[in-house]
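Colleague: In this note's numbering, the protein residues as written are 701 to 1085.
Just so it is clear, CB atoms sit at the ideal spot from N, CA and C, and this is done for glycine as well.
Here it is in structure tokens:
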């Protein structure tokens, strides 16, 4: 049986995601579709708009066979690490083909550009380092480096667009790990709203009912919606009770930004204003949001390093949802893969999951209507009609 992998956030699950799964089913009717999905924390340094259990349920109802929770090592870091740990997980499950969306690039264009990037890595790194020393962000610096060094226009699409960034990182990490994994790029359909457009519409209360799959609409109507602004008061407590020295020990806080974090706090009335005041050529909005999330969760650099060491020694991954075919595949994965897949959080596994548990407990503070995210929670089993 062919095993197809998708690295996703489904924040929330929309028509573009449904289209992607349908394309896989059309090409490989009997394939196993495994989703590695962000939990309640997503890659741009925000909380997911609806909880991980609901999003994984929507995925299997839409045709996926198995949904696993991406390690927080992926979902709380930049695109490079998001891709690295996602590919690492799927590779250790012996996935045959990784499917992902792009803005326009084909599989062949991603491969050609990825090979060029790999062969010019040293020169690119040197260029990026110099540019960042001048105060530019990594994304800006990488784009400038490619523009300067790619005189043959091998990268014939915009590599700085979000899906293209991830697509290239996926391919590069597959090559780095030497996994026998093919890639399949599915260009984005312009008629479908993106996740960010949907979240903006939801925040403004102006999302039409025909702009999302019916199941997603129903879940959004009946579940509490979570926004990062819900946590600004908790973030302020963390910032007001820490010295710059204490902040400097938080994961991802570096280069003296701890002083700016404290300096700008009193001037901001809401989270969006605070983030805007901190964003600069050097610090993108997403990187600022990830820093603030680390502060909110009080994740120390030392415990982050310990968690990474634990995960590398023994990957511990939670099962969120499956159907009959996914359940059968789990038995094979548990027998053949080095990944420890679990259904119920035990004391023995807790050290390898405590940062996720901390994030989930914070997530629950957004609303009393959010169900317990860990204790007594088991994977959702979808029984097809």
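#1: If we count the other Cβ atoms within 10 Å of its Cβ and call it buried at 16 or more, is residue 895 buried or exposed?
#2: Considering residue 887, what are the terminal residues of the beta strand (DSSP E) in which it resides?
#3: When you compare each of 1084, 997, 912, 792 to residue 719 by their alpha carbons, which one comes out closest?
#4: Please state whether DSSP places residue 750 in a helix, a strand or coil.
#5: Can you give the Cα-Cα distance for residue 1041 and residue 796, rounded to whole angstroms?
#6: Within a Cβ cutoff of 6 Å, which residues of the same chain sit near residue 929, ignoring the five residues on either side of it in sequence?
#7: What does the alpha-carbon distance come out to for the pair residue 715 and residue 722?
#8: For residue 955, count neighbouring C-beta atoms within 10 Å of its own C-beta (all shown protein chains included) and say buried if the count is 16 or more, exposed if not.
#9: In the segment 785-817, which residue ranges form an unbroken beta strand (DSSP E) of at least 3 residues, counting only runs that do not cross its ends?
#10: Kindly indicate the opening and closing residues of the alpha helix (DSSP H) around residue 1062.
#11: Say whether the segment 1005-1020 touches the segment 723-731, bearing in mind that this needs 3 or more beta-carbon pairs closer than 8 Å, one atom from each stretch.
#12: Who are the near neighbours of residue 789 in its chain, counting only those whose CB is closer than 6 Å to its CB and skipping five residues on each side?
#13: Exposed or buried, which one is residue 1078 when buried takes at least 16 other CB atoms within 10 Å?
#14: Are residue 836 and residue 1018 touching if we call contact CB-CB under 8 Å?
#15: Could you check where the alpha helix (DSSP H) with residue 832 kicks off and where it finishes?
#16: Can you list, in chain order, the residues of its chain with a C-beta nearer than 6 Å to that of residue 888? Leave out the 5 residues immediately preceding and following it.
#17: Rank 921, 1063, 733, 774 by C-alpha distance to the C-alpha of residue 902 and give the top, closest one.
#18: The alpha helix (DSSP H) spanning residue 958 covers which residue range?
#19: Along the alpha helix (DSSP H) that carries residue 726, what are the first and last residues, could you check?
Modeller: Looking at the coordinates:
#1: Counting from 1 along the chain shown, the entry for residue 895 is found at position 195. Burial call: buried.
#2: Indexing the chain shown from 1 puts residue 887 at position 187. Taken as a continuous stretch (DSSP letters only), the beta strand (DSSP E) holding residue 887 covers 882-887.
#3: For the purposes of this step, residue 719 is identified with residue 19 of the chain shown, where counting begins at 1. That would be 912, whose Cα lies nearest to the Cα of residue 719.
#4: Against the chain shown, residue 750 aligns to sequence position 50. Residue 750: coil per DSSP, three-state reduction.
#5: Residue 1041 sits at position 341 when you count from the first residue of the chain shown. Residue 796 sits at position 96 when you count from the first residue of the chain shown. If I take the Cα positions, the gap works out to 19 Å.
#6: Stepping through the chain shown from its first residue, residue 929 is reached at position 229. Correct list, in chain order: 971.
#7: For this step, residue 715 is matched to residue 15 along the chain shown. For this step, residue 722 is matched to residue 22 along the chain shown. About 10 Å.
#8: Position 255 of the chain shown holds residue 955. Exposed, by the Cβ-count rule.
#9: 797-802
#10: As a first step, residue 1062 is located in the chain shown; it is residue number 362 there, counting from the start. Per DSSP, residue 1062 belongs to the alpha helix (DSSP H) from 1054-1064.
#11: no
#12: By one-based count along the chain shown, residue 789 stands at place 89. Within the same chain, residue 789 has close Cβ partners 736.
#13: Along the chain shown, one-based indexing puts residue 1078 at 378. Classification of residue 1078: exposed, given that the 10 Å Cβ count is below 16.
#14: Counting from 1 along the chain shown, the entry for residue 836 is found at position 136. Counting from 1 along the chain shown, the entry for residue 1018 is found at position 318. No, these two residues do not count as a Cβ contact at 8 Å.
#15: Here residue 832 is taken as the residue at index 132 of the chain shown, counted from 1. First-last of the alpha helix (DSSP H) with residue 832: 821-833.
#16: Taking the chain shown and counting its residues from 1, one reaches residue 888 at position 188. Within the same chain, residue 888 has close Cβ partners 801, 803.
#17: In the chain shown, residue 902 corresponds to position 202, counting from 1. The shortest Cα separation from residue 902 among 921, 1063, 733, 774 belongs to 921.
#18: What you label residue 958 is simply residue 258 of the chain shown in a count that begins at 1. Residues 957-963.
#19: The residue you call residue 726 lines up with position 26 of the chain shown. 715-727 is the span of the alpha helix (DSSP H), which, as asked, contains residue 726.
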